[in-house]
Amino acid sequence: MANNDILVMIDHAEGSLDSTAAEILTAANGLAKQSGGEVLAALCSSDSGSLPQKIISLGASKVYTITSPVFNEINSDSLVKAYEAVIGNTSPKVVLFGRTLIARDTAPRLAFRVNSGFAQDCTSVEIDGDSVVLERPVYGGASVARVTFTGDFGVAVIKAKSYDAAIEDSSRSGEVIDLTDSAGDLTSRINLVDRQKVESEGIRLEDAGIVVSGGRGLGGPEPFDILQELATQLGGALGASRAACDAGWIPYAHQVGLTGKTVSADTYFAIAISGASQHLAGMSAVKNVIAINRDEEANIFKAANFGVVGDWEKVTTAFLNMVKELS
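The opening residue of the sequence shown carries number 1028 in our numbering; numbering runs sequentially from there.
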């Protein structure tokens, strides 16, 4: 039977919390005020170090840690087992994940294991009476659905930038509880056979205030050099549609969309992008969309605040030259 506590699953790497951690702790504290419960956090690692105290300083009352060598590598199979053990020891009202690559794999599997409701890509979560009510974009961001969990509790994945990051306060106190011994066998059925690390420079796509994205209409990989130069001049990041990534023109690390990254930039340049619903889902939180496309019927114009119908290269090059003159 669920109680009124809110459980947050913390993602981290190389000794640092993922940027989504502080955001979902903000969401959790808002829910805890509504439910009258506490904010709990789960941290699975090979060595937690100072991270539990960091999590407490961001608003958690209790941090449940599970420490094992299996977490030396990203391992969703072992994470699901560990998270299930934390839920068994806490019986929360709702479980929150930040939308990270590992959470997109782990969260739905966990919901299945614990037989709970599940909601992906939520932008809002609140408690109304005894029910947890969530909002999530549908139809490529054209509409917003309000959903509830029908059981005792549920698992929700919160989209990045849906909440402001919690402010760290080192004066906060909390409890760190080790559940390693009660976690059981964390052996994974998955073996990591290779790791390919893609080095990136500049601003992270998810954190950029300006994003310059290109699509299949660019015609090849070389045009992304122009887009990268524009992004650099504007102090932004380079993005791409899935079609451009599938074509091998640009690494998948730049993909924006339902199966890529979610951006919440102030300004988003969609250059030679048709506007498939999967791509729109990844840019639904953008404040201003500027579309450049030779096809005046392109779907991207329906999502754009400003649009230019014309040859992307002529328009973009002229704009780039103007930016250079002004800088």
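Where is the CB? At the ideal position from N, CA and C, for every residue including glycine.
Non-local C-beta neighbours of W1339 in its own chain, meaning closer than 6 Å and more than five positions away in sequence, comprise I1298, A1299 and I1319, ordered along the chain. Annotation: C1071 to G1284 spans about 28 Å, alpha carbon to alpha carbon. When secondary structure is reduced to three states using DSSP, G1247 falls in the coil class, being assigned neither helix nor strand. In terms of Cα proximity to G1309, the closest of S1268, A1331 and K1329 is S1268. For the pair S1084 and D1196, the CB atoms are nearer than the 7 Å cut-off. In the three-state DSSP reduction, Y1190 falls in the coil class, being neither helix nor strand. Apart from the 5 residues on each side of it in sequence, D1132 sits with its Cβ closer than 7 Å to the Cβ of S1103 in its chain, given in chain order.
In summary, Q1223 is exposed, with fewer than 16 beta-carbon neighbours lying within 10 Å of its beta-carbon over all protein chains present. Residue burial annotation: K1060 is exposed, with fewer than 16 other C-beta atoms found within 10 angstroms of its C-beta. Taking the Cα of D1221 as reference, the smallest distance to any Cα among V1035, A1270, G1063 and I1101 is reached at I1101. Secondary structure at R1269: helix, using DSSP grouped into helix, strand and coil. Between V1121 and S1088, the CB-CB gap reaches or exceeds 7 Å. Residue environment for A1172: exposed (fewer than 16 other C-beta atoms within 10 angstroms of its C-beta).
Per the Cβ contact rule, the region 1239–1246 is not in contact with the region 1207–1218 (fewer than 3 Cβ pairs under 8 Å). About 7 Å separates the beta carbons of I1185 and V1152, which is inside the 8 Å limit, making them a contact pair.
The C-beta of E1323 has fewer than 16 other C-beta atoms within 10 Å across all chains shown, which makes the residue exposed.
With distances taken between CA atoms, S1215 lies nearest to S1095 out of L1052, G1063, K1314 and S1095. Membership of L1106 in any beta strand (DSSP E) is not indicated; the residue belongs instead to the alpha helix (DSSP H) covering S1103 to T1117. No Cβ-Cβ contact shorter than 7 Å links N1099 with L1206.
Between the region 1259–1268 and the region 1321–1336, the count of Cβ pairs shorter than 8 Å is below three; the stretches do not touch. Each of A1187, R1136 and A1192 was checked against the Cα of I1082, and the nearest Cα belongs to A1192. Along the region 1252–1338, the beta strand (DSSP E) occurs as fully enclosed runs of 3 or more residues at 1264–1267, 1294–1298, 1315–1320 and 1333–1336, listed in sequence order. Rounded to whole angstroms, the gap between the alpha carbons of I1093 and V1035 is 14 Å. For K1120, the three-state secondary structure derived from DSSP is coil.
In the three-state scheme derived from DSSP, where H, G and I count as helix and E and B as strand, E1352 is classed as helix. If you draw a straight line from the Cα of K1188 to the Cα of S1118, it comes to about 27 Å.
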